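Per our numbering: the sequence shown ends with 282, consecutive numbering throughout.
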Amino acid sequence: MCGPPAVRSSTGRYGIQILILSEAMSAMRRQIVRFLFLLMVSAVANANSQKASPTIIDLTDTIRVGMVEDSIGDAAMKAFGIDEVSMSPEMTFQKTTGRSTRICLSSQIGTHMDAGAHADPDGWPVNEAPLDHLIVPGVVVNVRAKSDEEGITPADLEKYDIRPGDAVLFLFTYAKPKPGAMFSQSFVTEEAAEWLVKHGVRCVGSNTPGLEDHKRGAREHWMDPANQKQAWPVHKILLRRHIPIIEGLTNLDKLVGKKFQFIGLPLKIEGIDGAPVRALAVLD
């Protein structure tokens, strides 16, 4: 008996082959996607591993016996009543299994921070230093061409890209004073200090023992308690606005024209006028 012609089922031999081929293609696509993903992860990991560490420049002078005279000279030591750094042993390996050292130094020598209490009887102490003013972008203002008779003016500052929140670090020409001579350098004028305040600067520093016109200070007898009101005008302009001053910085010449993050953190000592600082620059 003759029936209708046979119809090949789609699930026959050819259909099975197509299904197998389709599954193989899907598996291959998954393998390719997985391979590309692993390749991407590997590339990112490799890039991170090869990324250069940030360049860090130490801006801190080493505390050592003899540093005070090297910094400000014997005449200033006598005028300001500042003694030399001294170190003496406490624990020793000869008597114990460890070592400790007693260090005696001024709060106002080496790389240090001036707190409000340094120039103002009612000023804030170093343990209240505003930390958000001490880890900020830095700008080096190169004024090495200025003589010790020339002050820094607002016009000098306007040459630089100084922005609110910056630390402004002055690079002066400075050398160790001759025996019997007071140290001298260019200085920040009161007008320049007010400019820094107006432009929202958070910290001011220098590679010198101070920012003031010390020759003017000698003429006007700033060290006389009777002259407290007119003494140290630049310090008062800045510190009364909680703008810390960090003096005695080193290596600022390596930062001229560069972008960097400034870090300058003082020792946290209760109730005093200043403290040693470990200062660093992290280059962008």
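For each residue, glycine too, the CB sits at the ideal point set by N, CA and C. These figures come from a predicted structure and were not determined experimentally.
Quick one, are the C-beta atoms of residue i and residue j less than 9 angstroms apart?
| i | j | result |
| --- | --- | --- |
| D271 | V124 | yes |
| I101 | I70 | no |
| S203 | R161 | Before going further, note that residue 203 is Gly rather than Ser in the sequence given. Contact: no. |
| M111 | P242 | yes |
| H212 | F181 | yes |
| A279 | I267 | no |
| A165 | P264 | no |
| L209 | F168 | yes |
| E126 | T151 | no |
| K174 | D81 | no |
Please state whether DSSP places residue i in a helix, a strand or coil.
| i | result |
| --- | --- |
| H219 | coil |
| R336 | The chain is shown only over -1 to 282; residue 336 falls outside these bounds and no answer can be derived. |
| M75 | helix |
| L83 | Per the sequence presented here, residue 83 reads as Val, with Leu not at that position. Residue state, collapsed to three classes: coil. |
| M180 | coil |
| N140 | strand |
| P3 | Low confidence applies to P3: its pLDDT is 49, below 50, so where it sits in the model is not reliable, and the reading given next is rough at best. P3 falls in the coil class under three-state DSSP. |
| M65 | helix |
| A127 | coil |
| A50 | coil |
| R214 | helix |
Output needed for residue i: all residues of its chain with C-beta closer than 6 angstroms, excluding positions within five of it in sequence on either side, in chain order.
| i | result |
| --- | --- |
| H233 | A117 |
| D59 | G108, T109, G246 and T248 |
| A74 | M180 and F181 |
Skipping 5 residues on each side, what residues in its chain have a beta carbon closer than 7 angstroms to that of residue i?
| i | result |
| --- | --- |
| P3 | In this prediction, P3 scores a pLDDT of 49, lower than 50, which makes its location untrustworthy; the coordinate-derived value is nonetheless stated afterwards. Cβ neighbours of P3 beyond the five flanking positions: none. |
| R97 | M89, T90 and F91 |
Less than 8 angstroms between C-beta atoms, sequence neighbours within five positions excluded: which residues of the same chain meet that for residue i?
| i | result |
| --- | --- |
| T320 | The structure shown has nothing for residue 320, since the chain only spans -1 to 282. |
Can a CB atom of chain C be found closer than 9 angstroms to the CB of residue i?
| i | result |
| --- | --- |
| L265 | Here there is only one protein chain, and chain C is not present. |
According to DSSP, which residues form a beta bridge with residue i?
| i | result |
| --- | --- |
| S204 | F168 |
| E188 | Partner(s): none; E188 has no beta bridge. |
Contact between the stretch 106 to 122 and the stretch 140 to 149 is defined here as three or more beta-carbon pairs at a separation below 8 angstroms; is this criterion met?
no
State whether the stretch 249 to 256 contacts the stretch 51 to 66, with contact taken as three or more CB pairs (one from each stretch) at a distance under 8 angstroms.
yes
Touch test, the stretch 150 to 164 against the stretch 214 to 230, Cβ-Cβ under 8 angstroms, three pairs minimum:
no
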